[in-house]
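Counting from 9, one number per residue, gives the positions in the sequence shown under the numbering used here. All residues carry an ideal CB built from backbone N, CA and C; glycine is no exception. Working notes, structure below.
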Amino acid sequence: MSGRAPLPDWYDDLSGSLNAAWGAMTRGALDRRSAFHHPVIATIGPDGWPRQRVMILRAVDPEMRSLRFHTDIRSEKARDIAAEPRVSVLAYDPASKIQLRLNGQATLHHADHIADAAWQGSQRMSRACYGTMPGPGSVIGQGSAFSLPDTSDETALETGRANFVAMLVRVERLEWLYLAYEGHRRAQFEWNADGKVSARWLAP
Ligand SMILES: Cc1cc2nc3c(=O)[nH]c(=O)nc-3n(C[C@H](O)[C@H](O)[C@H](O)COP(=O)(O)O)c2cc1C
Numbered sequence: 009m010s011g012r013a014p015l016p017d018w019y020d021d022l023s024g025s026l027n028a029a030w031g032a033m034t035r036g037a038l039d040r041r042s043a044f045h046h047p048v049i050a051t052i053g054p055d056g057w058p059r060q061r062v063m064i065l066r067a068v069d070p071e072m073r074s075l076r077f078h079t080d081i082r083s084e085k086a087r088d089i090a091a092e093p094r095v096s097v098l099a100y101d102p103a104s105k106i107q108l109r110l111n112g113q114a115t116l117h118h119a120d121h122i123a124d125a126a127w128q129g130s131q132r133m134s135r136a137c138y139g140t141m142p143g144p145g146s147v148i149g150q151g152s153a154f155s156l157p158d159t160s161d162e163t164a165l166e167t168g169r170a171n172f173v174a175m176l177v178r179v180e181r182l183e184w185l186y187l188a189y190e191g192h193r194r195a196q197f198e199w200n201a202d203g204k205v206s207a208r209w210l211a212p
């Protein structure tokens, strides 16, 4: 008895691994204890430098190959994406030993039904963050030199709506890495313009 967990069904199965990847992300969006709940998103800045930050994964739609995040339109990342929509998303879950690295195109939804629905689904505390004055990334004289709306005041909370954006990432490439004692498994999935996926194993 090695004491190791049995290998998963999808260990040597490309489409099974892809399903496992979407399942992990879908559950991650719902489970705040999952490592997939807070992936790192990289954008490309106007100076050509990559910039990364942690963001909460709010929702996943495997059919549409889309991930939803929320942010402030005044943030650097929103400015980056408006100029260059190509992003990379990275997460590693030590519990399942799965790393996911995705590439896709991001769109910002500010004044449409996607943004409205996302705002309606947000918690009061989250809404307050979008009413920060001055905006995120502004230089301030001291750490406390910013204000947030009063969370008990509905009208004040609504001021954040003007700064709120839902960001959808449409996945075009997904790289899967599963760490296993018996041998790691690495695979790449790419979707063409017609939505057809091509899948291949890579040497880990
Ligand atoms: C656990 C965690 C979750 C976060 N979630 C978000 C988020 O959902 N949206 C967001 O805009 N920033 C989020 N942040 C803050 C960003 O990582 C980042 O510091 C901030 O948005 C400024 O990024 P920017 O200057 O690149 O725009 C989160 C940070 C942490 C540590």
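Could you tell me the alpha carbon to alpha carbon distance between residue i and residue j, rounded to whole angstroms?
i    : j    : result
D55  : I89  : 13 Å
L98  : L210 : 18 Å
R135 : L185 : 35 Å
R208 : R194 : 9 Å
A32  : T140 : 33 Å
Q60  : G53  : 10 Å
P16  : P70  : 21 Å
T163 : V147 : 27 Å
Starting from residue i, follow the beta strand (DSSP E) in both directions and report where the run begins and ends.
i    : result
I106 : I106 to H117
D80  : S74 to D80
Measure the Cβ-Cβ separation of residue i and residue j and say whether it is below 8 Å.
i    : j    : result
W127 : F172 : yes
G112 : E180 : yes
D8   : A43  : In the structure as shown, the chain begins at 9 and stops at 212. Residue 8 is therefore absent and cannot be evaluated.
S74  : V177 : yes
Looking at the unbroken alpha helix (DSSP H) that takes in residue i, where does it start and where does it end?
i    : result
T34  : L22 to L38
R193 : Per DSSP, R193 belongs to no alpha helix (DSSP H); it is in the beta strand (DSSP E), R193 to W199.
M133 : R132 to C137
A90  : E84 to A91
Quick one: measure Cβ to Cβ for residue i and residue j, integer angstroms, because I've assumed they're closer than 8 Å.
i    : j   : result
Y189 : R12 : 6 Å
Exercise for review: May I ask you to verify whether the stretch 22-40 touches the stretch 58-76, counting CB pairs closer than 8 Å and requiring at least 3?
Suggested key: A contact between stretches requires three or more CB pairs, one per stretch, nearer than 8 Å, and the stretch 22-40 meets this requirement with the stretch 58-76.
Point to revise | Segment contact, 8 Å Cβ cut-off, at least three pairs: the stretch 75-90 with the stretch 151-163 | key: Contact between the stretch 75-90 and the stretch 151-163 is absent, because fewer than three Cβ pairs lie under 8 Å.
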